[in-house]
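Below is one structure; the comments refer to it alone.
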Amino acid sequence: MVTAAHFPMPTDGLLTLMQWLSPGFPLGTFSYSHGLENAVAEGRIPDAGALCDWLTTVLTDGTGRNDAILLAEAYRSDDPMTVDTFARALAPSRERLLETTAQGEAFCATVNAVWGTDLQPMTLPAAVGAAARSQDIALDQTLQAYLHAFAAGLISAAQRAMPLGQTQAQTILAGLTPLCISLAERARTQTLDDIGSSAFMAEIAAMRHETLQPRIFRS
382 MVTAAHFPMP
392 TDGLLTLMQW
402 LSPGFPLGTF
412 SYSHGLENAV
422 AEGRIPDAGA
432 LCDWLTTVLT
442 DGTGRNDAIL
452 LAEAYRSDDP
462 MTVDTFARAL
472 APSRERLLET
482 TAQGEAFCAT
492 VNAVWGTDLQ
502 PMTLPAAVGA
512 AARSQDIALD
522 QTLQAYLHAF
532 AAGLISAAQR
542 AMPLGQTQAQ
552 TILAGLTPLC
562 ISLAERARTQ
572 TLDDIGSSAF
582 MAEIAAMRHE
592 TLQPRIFRS
């Protein structure tokens, strides 16, 4: 049985982030598509090029950018629950709210059990920001890892929803890496006043997914 004496020792943060944001961490990330499944079903993402364009928009003008700002604000805040409240209010649909709250609650529960923290259930970006601060992990590193994992998760969902080979998928992810770094750098100095989304088709796809049949994802 694992006891408090066996909690992991602090590291430089990289390995901890790799564990937190890996597909093996029990968040259920594999079951969410962020509305992408609906966009594929409607023919809006027919190939790898269209997928890359879609993900770029989601990152720069939608959830990616907003989540990065929320994470940074939660990291800096002595009361991340205020950021969490704002994050919940930002969710544009029922499934988007489920996606961020269910993963966030699972994240907090696992980090509390393994790292001995006392995080309250939060939306995912607020939870990761608060957890990184508690472990003295650098904000820059956390933002980059979070955005990269977010993009990787959506690409993985696309591979199950459309014809997309492994090499194509990894090429897209590699191409988005510089964008993740750039967005992370901007988020360091942005505040909740900078929050906003213009990824309208992605938001509409998330709303329409609620009635999509058949479907394999929860969002």
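Residue numbers for the sequence shown follow the working numbering, beginning at 382 and rising by one.
No residue lacks a Cβ here, since even glycine has one placed at the ideal position from N, Cα and C.
Keep in mind that this is a model prediction, so the values were computed, not measured.
query = Are the beta-carbon atoms of Q484 and T410 separated by less than 8 Å?
reply = Yes, these two residues count as a Cβ contact at 8 Å.
task = For L593, name the three-state secondary structure that DSSP assigns.
result = In this structure, L593 counts as coil in the three-state DSSP scheme.
query = I think L524 touches L440, with their Cβ atoms under 8 Å apart; what is that distance to the nearest whole Å?
reply = The beta-carbon separation of L524 and L440, rounded to 12 Å, does not stay under the 8 Å limit for a contact.
request  = Please go through the same chain and pick out, in chain order, the residues whose beta-carbon is closer than 7 Å to the beta-carbon of T481, but skip the five residues on each side of it.
outcome  = Excluding sequence neighbours, T481 sits near A468, A472, T504 and L505.
task = Could you check what DSSP says for T570 in three-state terms: helix, strand or coil?
result = Correct three-state label for T570: coil.
request  = Could you tell me how far apart the beta carbons of D575 and I450 are, in whole angstroms, since I believe they sit closer than 8 Å?
outcome  = Between I450 and D575 the Cβ distance is about 6 Å, and since that is below 8 Å, they are a contact.
message = According to DSSP, is P427 part of a helix, a strand, or is it coil?
response = Of the three classes helix, strand and coil, the one that applies to P427 here is coil, per DSSP.
Straight-line gap, L402 to L573 (C-alpha atoms, nearest Å) = L573 has its alpha-carbon roughly 24 Å from the corresponding atom of L402.
ask   = Going by the CB atoms, is the gap between I536 and A550 shorter than 8 Å?
value = Taking 8 Å as the Cβ cut-off, A550 and I536 qualify as a contacting pair.
query = Are the stretch 540 to 548 and the stretch 500 to 520 in contact at 8 Å, needing three or more beta carbon pairs?
reply = At 8 Å Cβ cutoff, the stretches do not touch.
ask   = If you count every other CB in all the chains shown that lies within 10 Å of the CB of T466, and 16 or more means buried, which is it?
value = By the Cβ neighbour-count rule, T466 is exposed, with fewer than 16 other Cβ atoms within 10 Å of its own.
query = Where do the ends of the alpha helix (DSSP H) carrying I536 lie?
reply = Note, I536: alpha helix (DSSP H), L520 to A542.
query = Using a Cβ-Cβ cut-off of 7 Å (strictly less than) and excluding sequence neighbours within five positions of A533, which residues of its own chain qualify?
reply = Excluding residues within five positions, the ones whose Cβ falls inside 7 Å are L554.
key: Pick from S414, L528 and A490 that is closest to L478, judged by C-alpha positions   = Among S414, L528 and A490, the Cα nearest to that of L478 belongs to S414.
Candidates A422, A587 and S563, of which the one nearest P595 by Cα = Per the Cα distances, A422.
ask   = Assuming H529 and T558 make a contact with CB atoms under 8 Å, what is their CB distance in whole Å?
value = The Cβ separation is near 6 Å, so the contact holds.
Start and end residues, alpha helix (DSSP H) containing L479 = Per DSSP, L479 is one residue of the alpha helix (DSSP H) stretching across R475 to W496.
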